[in-house]
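Below is one structure, written out as structure tokens; the observations come after it.
There are 2 protein chains.
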Amino acid sequence: MIDEGPAELVLQAAVARRHYLQNRSKVEIADELGISRFKVARLLEAARERGLVRIEIVRQGALDVDLSAQLQERYGLGHAVVVETADQDAGAVRAQLGRAAADLLAEVLTDGDVLGLPWSRNVHAMVGALARLPRTEVVQLTGAIALPDFDSSAVDIVRRAARLSGGRAHVFYAPFVLDTKASADALRRQPAVSQGLEAAARVTHAVVGIGLWAPGESTIHDLLDADEQAELTRAGVVGELAGVFFDKSGKPLRPKVAARLMTIDPQVLSGFREVIAVVSGEAKAPAVKAALEGGLVQGLVVDAPLAQVLLAD
Amino acid sequence: MIDEGPAELVLQAAVARRHYLQNRSKVEIADELGISRFKVARLLEAARERGLVRIEIVRQGALDVDLSAQLQERYGLGHAVVVETADQDAGAVRAQLGRAAADLLAEVLTDGDVLGLPWSRNVHAMVGALARLPRTEVVQLTGAIALPDFDSSAVDIVRRAARLSGGRAHVFYAPFVLDTKASADALRRQPAVSQGLEAAARVTHAVVGIGLWAPGESTIHDLLDADEQAELTRAGVVGELAGVFFDKSGKPLRPKVAARLMTIDPQVLSGFREVIAVVSGEAKAPAVKAALEGGLVQGLVVDAPLAQVLLAD
DNA sequence: CATGGTGGCGCTCATATGAGCACCGTGTCA
DNA sequence: TGACACGGTGCTCATATGAGCGCCACCATG
């Protein structure tokens, strides 16, 4: 009797089929085939080693759940969602991410949580896709930016989210970037503004975008002049989220320019239970990686290409 | 909190990934994720139900082990081997089947077994592919046929197998088909022939081809004249193997013509421990099905198309 | 012929797992 | 408000499973 021939192979397949495809127990299989349960176990092991059994985690609709799970495990995230975006233009990708993020948020939030939202194109997209939310207060985290292509500001974002949740909206009217520290301080002294920013202390969940500190990759970057951009680069800034700057290890920085921004303090951010970042594009990987490593975000909604880069060593 | 969103999906994927891809126990996973082992079990169940986990039995080289296992289970066979033959011509298919059958035989036979071989094109191909065999006697089961394309007869087949195994060859020189019953009887009285056929009683394993009772699908069919062909068809013959005729339920028949054939008795055939049939081509399915249902064969080496038909209900 | 190595097999016993149940918080309806 | 159904959870206990071990047949040497 010569071993390892086709009969052995087919026996392994027969056992694997019964166990994995018809999920019957090893004892059952052993009885049926008249062999010991130990032999069944060994046959299964051999079948797996030989590569006879192929197991994969399948994509579900637009979600690549396998990549998601890998991301979640790799960075110890609370939540990770990878959206499969069949090479579409940036706008379509943003919309898909927004939908996924909206679903995630609706699932993650519980009555009594407090949601914080900054201005961000991706956050805007998410709020646009929101259908329903548990009852939560919604807090504005940054000043407003009026961009030519967007007819919505931080205030509108927060209002819409609050309307959907049925909770209270904490808003204030102020620009994201002021011309001087003095103007910014003056604004912060306004009761409406200070109350709004104080509410941020109660926030449990925030949804943010992440900007890479490079031209065209961060709204704030593009709002500053060349000298300031360079200064922050020299200071080690690789990215920002909700107006909080951080370096390549994810450590928050407080550059002088920050005093001119209407945004939350890095320490407030770190008090949130979960910060969910919605980001797309491989280009942003360095900033996202830094934010992850610094523990600035605990949730991630990204497109597949970015996920791939984040997982590549 | 709204259920069944992306977070739930990703959680299921995370659990499935850990369990199936990194095969860690449910208890381990439960500890790591901080949930109960029961919840892990339920998540896995949900993941499987949802189709999130995909398990398949993979083809191995030329063998479709999954189809093989299905065939084996379906017909309660001792052995089944399905060969993947990427739509080649009949000759190439025959050669591949022969190789698979040779490997199977080498694996199945044990010292002391007795191998019986009839004349058949597929058996000829198998013997040609044989490289080594355990020590077994080899017994000729049918008379010889000289076909224009084949320079080998039953005698040569048996001799070659015996040489490879190192066992004794039991051969006799006689044609497969005689002109009259009287000639056949006379031949059977020859000591050399009768001794050969008697040795068949000790056979434990036989490898045979299966002929479908139709033009071009059975060597014996084509050797008879039109009247006889029709007579057997009327008698219910759907196929033959090793010169034994059978009907559509696999019951052996003994038509008058059989007396003119130099072959074994149906009863002798049923005394063999395992009869392995080597067959290819969907066309032969009816004959193969009959032989299987009648319990005439316990082993099968077939090409994938035939296997598909045998499994289709 | 003795000797030791090797691989396959099935055992024991601790652990992992599944079936079924009880519990709890929630929502619904009278 | 109370009664009740329901989904989700973790428990108990019987069963299935895995790790490691010893047995035995086989084989290759001295």
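These protein sequences, in sequence, are chains B and Y. For the first sequence, position 195 matches number 195 in full-length UniProt numbering, and the numbering has no gaps at all. For the second sequence, position 30 matches number 30 in full-length UniProt numbering, and the numbering has no gaps at all. The beta carbon of each residue, even a glycine, is placed where N, CA and C say it ideally should be.
Exercise. Where does Val207 (chain Y) sit, in a helix, a strand or coil, going by DSSP?
Worked result: strand
For this session: Look at the alpha carbon of Ala41 (chain B) and the alpha carbon of Ala90 (chain B), and state the distance between them as a whole number of angstroms.
Result: 50 Å
For this session: Step through the CB atoms of chain Y and report whether any lies within less than 8 Å of the CB of Leu115 (chain B).
Result: no
Exercise. With Val65 (chain Y) and Ile55 (chain Y) assumed to form a contact (beta carbons below 8 Å), what rounded beta-carbon distance in angstroms separates them?
Worked result: With a Cβ gap of about 14 Å, Val65 (chain Y) and Ile55 (chain Y) do not count as contacting.
For this session: For Asp225 (chain Y), decide whether its Cβ has a neighbour in chain B, counting only Cβ atoms nearer than 8 Å.
Result: no
For this session: Determine the DSSP secondary structure at Val297 (chain B), reduced to helix, strand or coil.
Result: coil
For this session: Return the first residue and the last residue of the alpha helix (DSSP H) that Ala276 (chain Y) is part of.
Result: First, the residue type needs correcting, since residue 276 (chain Y) is Ile and not Ala in the sequence shown. Run containing Ile276 (chain Y): none in the alpha helix (DSSP H); it sits in the beta strand (DSSP E), 274-279.
Problem set entry | Members of the segment 64-79 of chain Y near chain B, C-beta cut-off 8 Å | Val65, Asp66, Ser68, Ala69, Gln70, Gln72, Glu73, His79
Exercise. Taking Cβ-Cβ distances below 9 Å as the criterion, which residues of the segment 12-23 of chain B are in contact with chain Y?
Worked result: Gln12, Ala13, Ala14, Val15, Ala16, Arg17, Arg18, Tyr20, Leu21, Asn23
Exercise. Which residues bound the alpha helix (DSSP H) around Leu164 (chain Y)?
Worked result: 154-165
For this session: On the DSSP bridge assignment, give the partners of Arg54 (chain Y) in chain order.
Result: B:Glu56
Exercise. Taking C-beta to C-beta, are Leu310 (chain B) and Ala287 (chain B) nearer than 8 Å?
Worked result: no
For this session: Would you mind sorting Ser36 (chain B) into buried or exposed? The rule is 16 or more other CB atoms within 10 Å of its CB.
Result: exposed
For this session: Tell me whether the beta-carbon of Ile210 (chain Y) lies closer than 8 Å to the beta-carbon of Leu241 (chain Y).
Result: yes
Exercise. Shorter than 8 Å from the beta carbon of residue 321 (chain Y) to some beta carbon of chain B?
Worked result: The structure shown does not extend to residue 321 (chain Y), since chain Y is modelled only from 1 through 313, so no value can be given for it.
Problem set entry | Under 8 Å between C-beta atoms of Ala182 (chain B) and Leu117 (chain B) | no
Exercise. Per the contact definition of three or more C-beta pairs closer than 8 Å, is the segment 166-180 of chain Y in contact with the segment 215-234 of chain Y?
Worked result: yes
Problem set entry | Reduced DSSP secondary structure (H/G/I, E/B, other) of Asp303 (chain Y) | strand
Problem set entry | Distance, Gln22 (chain B) Cα to Glu28 (chain Y) Cα | 25 Å
Exercise. By DSSP, does Leu44 (chain Y) sit in helix, in strand, or in coil?
Worked result: helix
For this session: Would you mind sorting Ala192 (chain B) into buried or exposed? The rule is 16 or more other CB atoms within 10 Å of its CB.
Result: exposed
Problem set entry | Where Ile55 (chain Y) meets chain B, residues with beta-carbon distance less than 9 Å | Ala16, Tyr20, Leu21, Val53, Arg54, Ile55, Glu56
Problem set entry | Proximal chain B residues relative to residue 315 (chain Y), where beta-carbon distance stays under 9 Å | Since the displayed chain Y opens at 1 and closes at 313, residue 315 (chain Y) lies outside it and no answer follows.
Exercise. Which residue's Cα is closest to the Cα of Val114 (chain Y): Y:Ile157, Y:Ala169, Y:Thr263, Y:Leu11?
Worked result: Y:Ala169
Exercise. From Ala47 (chain Y) to Ala7 (chain B), what distance separates their C-alpha atoms?
Worked result: 33 Å
Exercise. With 8 Å set as the bound, which would you pick, yes or no: does the beta-carbon of Met1 (chain B) sit closer than that to a beta-carbon of chain Y?
Worked result: Any reading at Met1 (chain B) needs caution, since the residue's pLDDT is 44, under 50, leaving its predicted position unreliable; the model's value is listed next. Yes, Met1 (chain B) counts as interfacial toward chain Y.
Problem set entry | Rounded separation between Gln72 (chain B) and Lys251 (chain B) - CA only | 21 Å
Exercise. According to the neighbour-count rule (16 or more other Cβ atoms, all chains shown, within 10 Å of its Cβ), is Thr263 (chain Y) buried or exposed?
Worked result: buried
Exercise. For the segment 33-52 of chain B, which residues have a CB atom closer than 9 Å to at least one CB atom of chain Y, in sequence order?
Worked result: Ala47, Arg48, Arg50, Gly51, Leu52
For this session: Please confirm whether Leu97 (chain B) and Val297 (chain B) have their CB atoms less than 8 Å apart.
Result: no
Problem set entry | Neighbourhood of Gly236 (chain Y) by C-beta distance below 8 Å, restricted to the same chain and skipping five residues each side | Asp247, Lys248, Leu253
Problem set entry | Same chain, Cβ closer than 8 Å to Ile2 (chain B), neighbours up to 5 away in sequence not counted | With a pLDDT of only 45 at Ile2 (chain B), under the threshold of 50, the placement of this residue in the model should not be trusted; the figure read from the coordinates follows. Cβ neighbours of Ile2 (chain B) beyond the five flanking positions: none.
For this session: Tell me whether Pro6 (chain B) sits in a helix, a strand or coil according to DSSP, three-state version.
Result: helix
Exercise. Buried or exposed: where does Leu280 (chain B) fall if 16 or more other Cβ atoms within 10 Å of its Cβ makes it buried?
Worked result: Checking the sequence, you will find Ser at residue 280 (chain B) rather than Leu. Under this definition Ser280 (chain B) is a buried residue.
Problem set entry | As assigned by DSSP and simplified to three states, the class of Gln267 (chain Y) | helix
Exercise. If we count the other Cβ atoms within 10 Å of its Cβ and call it buried at 16 or more, is Pro134 (chain Y) buried or exposed?
Worked result: buried
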